[in-house]
Amino acid sequence: MRNPVSAFFDLLKSAFPETRERFAAAEKDLADHITAEIESAVAPLRDEIAALRAEIGGTAPTPPAAA
């Protein structure tokens, strides 16, 4: 499935080719911001999972590593 943010910026870049670089930079900035927000929301959950894993003796599945 296509990322809706990328699809939106692709539409803008095709509609306004003279500002393609500005839209590409804005898309990257937005993607970086969204990634940072997700990471900050997930970090406490990773800590909680690690604590629970330690509490039950390490038998819980390992969560995927941060990208």
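Each number in the numbering used here comes from the position in the sequence shown (counting from 1) with 4 added on. Note that beta-carbon positions come from the ideal geometry of N, C-alpha and C, so glycine has one too.
Report yes if the C-beta distance between SER10 and GLU41 is below 8 Å; otherwise report no.
Reading the sequence shown from its first residue, position 6 is the one you call residue 10. Reading the sequence shown from its first residue, position 37 is the one you call residue 41. No, these two residues do not count as a Cβ contact at 8 Å.
CB of ALA35 within 8 Å of CB of LYS17, strictly
Position 31 of the sequence shown, counted from the start, is the residue given in the question as residue 35. Position 13 of the sequence shown, counted from the start, is the residue given in the question as residue 17. It is not a contact, given that the beta carbons lie outside the stated cut-off.
Cα separation between LEU15 and ALA45?
Taking the first residue of the sequence shown as position 1, residue 15 is located at position 11. Taking the first residue of the sequence shown as position 1, residue 45 is located at position 41. The straight-line gap from Cα to Cα measures roughly 30 Å.
Straight-line gap, ALA71 to ALA47 (C-alpha atoms, nearest Å):
Position 67 of the sequence shown holds residue 71. Position 43 of the sequence shown holds residue 47. With a pLDDT of 49 at ALA71, under the threshold of 50, the modelled position of this residue cannot be trusted; read the value that follows with caution. Approximately 12 Å, taken between the alpha carbons.
If you count every other CB in all the chains shown that lies within 10 Å of the CB of PHE12, and 16 or more means buried, which is it?
Counting from one through the sequence shown, the residue named residue 12 turns up at place 8. Exposed: under 16 other Cβ atoms inside 10 Å.
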